[in-house]
Amino acid sequence: MAKYVFNLPDVGEGIVEGEIVKWNVKPGDTVKEDEPLVELMTDKATVSIPSSVNGKVVSTTGKPGDMVPVGAELIVFEVKGDGGSKPKSKPKPEPVAEPAPDPEPEPKPEPVAPPPVSAPVPVASTGTKPLASPAVRRRAREAGIDLSQVSGTGPAGRISHDDMDTFISGGGRLAAVQSGVKMTGVEEVPVIGLRRKIAEKMATSKRSAAHFSYFEEVDITALESLRQHLNSTRAENQPKLTYLPFIIQGLIRAVRKFPQCNALYDEEKGIVFRHQAVHVGISTQTEDGLMVPVIKHAEARDVWDTANELVRVTTSAREKTATIDELTGSTITITSLGAMGGLGATPIINHPEVSIVSIHAARDRAVVKDGEIVVRKMMNLASSFDHRIIDGYDGALLIQELKSMLEHPATIFM
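Heads up: the sequence shown at position 191 corresponds to 191 in UniProt numbering, and the numbers run straight through without jumps.
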């Protein structure tokens with residue numbers, strides 16, 4: 001038996017160091033070649049580092065949150081043969097996303113046969129994670145309720161708001177909340193991995209970019225009619241269209257008139273790089289935090305292809321299978337909170353980009369049209385621009401151009 005020193009390999013993409021997010025092995029473990037050893041957060045994404053040997057872990061170097069340069073010692077193995085420190089084969093790290101203890105949204109449970117009684121039968125906790133929607137989980141957290149103590153009456157014991165009401169009405173709150181006992185504990189949560197990267201990038205953007213925000217409302221009644229028509233006539237292999245593919249295509253045409261908005265700013269060189277290609281970043285909430293997968297060359301896609309790629313890249317981000325290439329290279333970003341979109345926001349620019357557009361909830365509103373009060377489908381758009389590069393007037397013109405296309409959706413296809 002001999003000692004084998006495993007050093008952090010070069011994962012490519014110009015990466016010079018990584019932050020330890022999670023160890024998958026510990027001293028005493030026996031591992032096989034290609035078995036994942038550790039997850040590292042780089043500037044680009046989280047990557048899983050596989051073993052290049054078969055052996056027993058003698059020691060590991062570093063703890064979650066520590067930075068490790070390429071070439072530094074990570075693990076010492078006990079292996080058969082002469083050992084050494086040269087790997088048998090070059091490891092091939094595969095990007096993953098940092099795991100989270102409370103994933104949302106929950107996967108849909110398999111349907112089960114209803115009980116042969118007229119009323120739902122509560123299903124007791126089985127020791128596994130209770131099934132519940134994100135809204136129910138949020139309500140439980142805010143109320144200080146342990147969902148494992150709640151009996152669910154839905155399929156496979158899924159907990160509903162009615163189950164929560166029943167639990168609360170029966171006095172099922174935490175004793176500390178019910179009795180008014182003061183809480184004194186403090187939970188220390190290390191800011192590491194993806195959360196650290198989000199913190200760093202947001203702080204960098206706010207410190208460097210001179211944010212200018214602009215708001216506008218858009219009448220999307222005609223767009224909604226077109227969307228419903230296209231969805232009703234779509235082929236089996238075509239995805240169901242949301243508003244976002246139309247907004248992406250409208251934005252692509254708008255930045256053709258205002259190319260300064262589809263750009264990256266290199267502060268050190270003092271150069272703005274205006275891109276002819278439009279690589280649209282899609283701000284996506286995942287179990288681990290905010291990620292921005294990218295629809296590459298959106299200018300070369302139609303609405304259907306855009307919808308397909310939108311589903312693909314956002315699903316990859318949420319399922320932790322997105323590659324480094326899928327998470328980098330955006331030239332302009334769109335952020336959307338969907339049905340929870342609210343009235344407006346002041347989005348933070350995805351540095352080093354210079355523009356970001358925020359989509360908010362579509363709602364029926366009473367508006368004045370041709371001197372009459374009518375109900376129209378309305379949506380608010382918010383946006384932020386780097387005022388160092390884009391004058392407020394030009395940023396407003398971009399949004400007005402996008403508004404015009406969404407209100408006259410036929411122009412999106414011209």
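The beta-carbon is built from N, C-alpha and C at its ideal position, and this holds for glycine as well.
Owing to the predicted nature of the structure, the values given are computational and were not obtained by experimental measurement.
### Burial state of Asp386, where buried means 16 or more other Cβ atoms lie within 10 Å
Residue 386 sits at position 386 when you count from the first residue of the sequence shown. Counting Cβ neighbours within 10 Å, Asp386 comes out buried, since at least 16 surround it.
Considering only the beta carbon of each residue, do Pro27 and Val58 sit closer than 8 Å?
As a position in the sequence shown, residue 27 is number 27, starting the count at 1. As a position in the sequence shown, residue 58 is number 58, starting the count at 1. Against a cut-off of 8 Å, the Cβ pair of Val58 and Pro27 comes out as a contact.
Task: At least 3 beta-carbon pairs within less than 8 Å: the segment 318-327 vs the segment 342-352 - done: Because the criterion of three Cβ pairs below 8 Å is not met, the segment 318-327 and the segment 342-352 do not touch.
(message) For Ile356, tell me which candidate among Ser384, Ile399, Glu309 has the shortest Cα-Cα distance.
(response) The residue labelled residue 356 in the question sits at position 356 within the sequence shown. That would be Ser384, whose Cα lies nearest to the Cα of Ile356.
Let me make sure I understand the geometry here. Which of Pro245, Ile334, Val5, Lys22 has the alpha-carbon closest to that of Arg301? In the sequence shown, the residue the question calls residue 301 occupies position 301. Looking at the Cα atoms, Pro245 is the closest of the given residues.
**OP:** Return the chain-ordered list of same chain residues with a C-beta closer than 7 Å to the C-beta of Ile20, the five sequence neighbours on each side being excluded.
**Re:** As a first step, residue 20 is located in the sequence shown; it is residue number 20 there, counting from the start. So the list reads Val38, Leu40, Gly62, Lys63, Pro64, Gly65, Asp66, Val68, once near-sequence residues are dropped.
| query | In its own chain, which residues sit with a C-beta less than 8 Å from the C-beta of Arg274, not counting the 5 before and 5 after it? | reply | As a position in the sequence shown, residue 274 is number 274, starting the count at 1. Only Pro259, Gln260, Asn262, Ala263 meet the Cβ criterion.
How long is the line joining the alpha carbons of Arg137 and Glu187, rounded to whole angstroms?
Numbered from 1 along the sequence shown, position 137 holds the residue referred to as residue 137. Numbered from 1 along the sequence shown, position 187 holds the residue referred to as residue 187. Their backbone Cα atoms lie some 19 Å apart in a straight line.
inquiry  = Please report the distance separating the alpha-carbon of Ile159 from that of Asp391.
reply    = By 1-based counting over the sequence shown, the position of residue 159 is 159. By 1-based counting over the sequence shown, the position of residue 391 is 391. Using only the alpha carbons, I get a separation of about 51 Å.
May I ask you to report which of helix, strand or coil DSSP gives Gly395? Along the sequence shown, one-based indexing puts residue 395 at 395. In the structure shown, Gly395 sits in a helix (DSSP, three-state: H, G or I).
Go ahead and label Glu353 buried or exposed: buried means 16 or more other beta carbons lie within 10 angstroms of its beta carbon, across all protein chains shown. Taking the first residue of the sequence shown as position 1, residue 353 is located at position 353. Result: buried.
Original post:
Under a Cβ-count criterion, where at least 16 other Cβ atoms within 10 Å of its own Cβ denotes burial, should Glu309 be classed as buried or exposed?
Top reply: The sequence position of residue 309 within the sequence shown is 309, counting from 1. By the neighbour-count rule (16 or more Cβ atoms within 10 Å), Glu309 is buried.
Is the segment 325-333 touching the segment 269-289 in the sense that three or more CB pairs, one from each, lie closer than 8 Å?
yes
Check this for me: beta carbons of Ser51 and Glu73, under 8 Å apart or not? In the sequence shown, the residue the question calls residue 51 occupies position 51. In the sequence shown, the residue the question calls residue 73 occupies position 73. Result no, Cβ atoms of Ser51 and Glu73 do not sit closer than 8 Å.
Starting from Ala366, follow the beta strand (DSSP E) in both directions and report where the run begins and ends. The residue given as residue 366 occupies position 366 in the sequence shown. Run containing Ala366: 355-369, per the beta strand (DSSP E) assignment.
Out of Ala156, Gly157, Gly152, state which residue places its alpha-carbon closest to the alpha-carbon of Thr166.
-> Numbered from its first residue, the sequence shown carries residue 166 at position 166. Considering only alpha carbons, the answer is Gly152.
Quick one, which of Ile75, Val313, Asn7, Ala45 has its alpha-carbon nearest Asn24's? Along the sequence shown, one-based indexing puts residue 24 at 24. Cα-wise, what sits closest to Asn24 is Ile75.
**Item:** Exposed unless 16 or more other CB atoms sit within 10 angstroms - verdict on Gly18
**Value:** In the sequence shown, residue 18 corresponds to position 18, counting from 1. Buried is the call here.
When burial is assigned at 16 or more other CB atoms within 10 Å of the CB, is Phe77 buried or exposed? Taking the first residue of the sequence shown as 1, we reach residue 77 at position 77. Buried, by the Cβ-count rule.
Check your understanding: DSSP three-state call for Asn380: helix, strand or coil?
Key -> Here residue 380 refers to the residue found at position 380 of the sequence shown. Residue state, collapsed to three classes: strand.
Practice item. Would you give the residue range spanned by the alpha helix (DSSP H) that Asp266 belongs to? Key: If you number the sequence shown from 1, residue 266 lands on position 266. Run containing Asp266: none in the alpha helix (DSSP H); it sits in the beta strand (DSSP E), 263-266.
Judging by CA-CA distance, which residue of Thr286, Leu398, Glu268 is the nearest neighbour of Pro317? Residue 317 sits at position 317 when you count from the first residue of the sequence shown. Looking at the sequence shown, residue 317 is not Pro but Ala. Between Ala317 and the set Thr286, Leu398, Glu268, the nearest pair of CA atoms involves Thr286.
* Considering Thr333, what are the terminal residues of the beta strand (DSSP E) in which it resides? -> As a first step, residue 333 is located in the sequence shown; it is residue number 333 there, counting from the start. Here the beta strand (DSSP E) through Thr333 covers 332-336.
Neighbour-count burial assignment, Phe6, 16 or more Cβ in a 10 Å radius
As a working note, residue 6 is residue 6 in the sequence shown. Buried.
* Asked: Taking buried to mean at least 16 other C-beta atoms within 10 Å of its own C-beta, is Ala203 buried or exposed?
  -> Residue 203 sits at position 203 when you count from the first residue of the sequence shown. Exposed is the call here.
What is the rounded straight-line gap between the Cα of residue 416 and the Cα of Pro130?
Any property of residue 416 remains undetermined from this structure, which presents the chain solely from 1 to 414.
Problem set entry | Nearest-angstrom Cα separation, counted from Ile198 out to Val181 | Within the sequence shown, the letter at position 181 stands for residue 181. Within the sequence shown, the letter at position 198 stands for residue 198. Rounded to the nearest angstrom, the two C-alpha atoms are 36 Å apart.
- Message: Among Gly154, Gly157, Ile145, Leu337, whose alpha-carbon lies nearest the alpha-carbon of Ile168?
- Response: Counting from one through the sequence shown, the residue named residue 168 turns up at place 168. Taking only the C-alpha atoms, the option nearest Ile168 is Ile145.
Considering only the beta carbon of each residue, do Glu217 and Ile399 sit closer than 8 Å?
Walking along the sequence shown from the start, residue 217 turns up at place 217. Walking along the sequence shown from the start, residue 399 turns up at place 399. Not closer than 8 Å, so no.
By a C-beta neighbour count over all protein chains shown, 10 Å radius and 16 as the cutoff for buried, is Pro347 buried or exposed? Here residue 347 refers to the residue found at position 347 when the sequence shown is read from its first residue. If you draw a 10 Å sphere on the C-beta of Pro347, you find 16 or more other C-beta atoms in it, and that means buried.
Kindly give me the distance between the Cβ atoms of Val367 and Met378, rounded to whole angstroms, as I take these residues to be in contact under 8 Å.
-> Walking along the sequence shown from the start, residue 367 turns up at place 367. Walking along the sequence shown from the start, residue 378 turns up at place 378. With 8 Å as the limit, Val367 and Met378 qualify as a contact, their Cβ atoms being about 7 Å apart.
Option nearest Lys206 by Cα separation, candidates Asp43, His351, Ile15, Leu406 = The residue labelled residue 206 in the question sits at position 206 within the sequence shown. Nearest option by C-alpha distance: His351.
inquiry  = Buried or exposed, going by whether 16 or more other CB atoms sit within 10 Å of the CB of Asp162?
reply    = Along the sequence shown, one-based indexing puts residue 162 at 162. Its Cβ having fewer than 16 others within 10 Å, Asp162 is exposed.
Could you check whether Tyr265 and Val272 sit closer than 8 Å to each other, using their CB atoms as the reference points? The count along the sequence shown starts at 1 and reaches residue 272 at position 272. The count along the sequence shown starts at 1 and reaches residue 265 at position 265. The answer is yes: Cβ separation under 8 Å.
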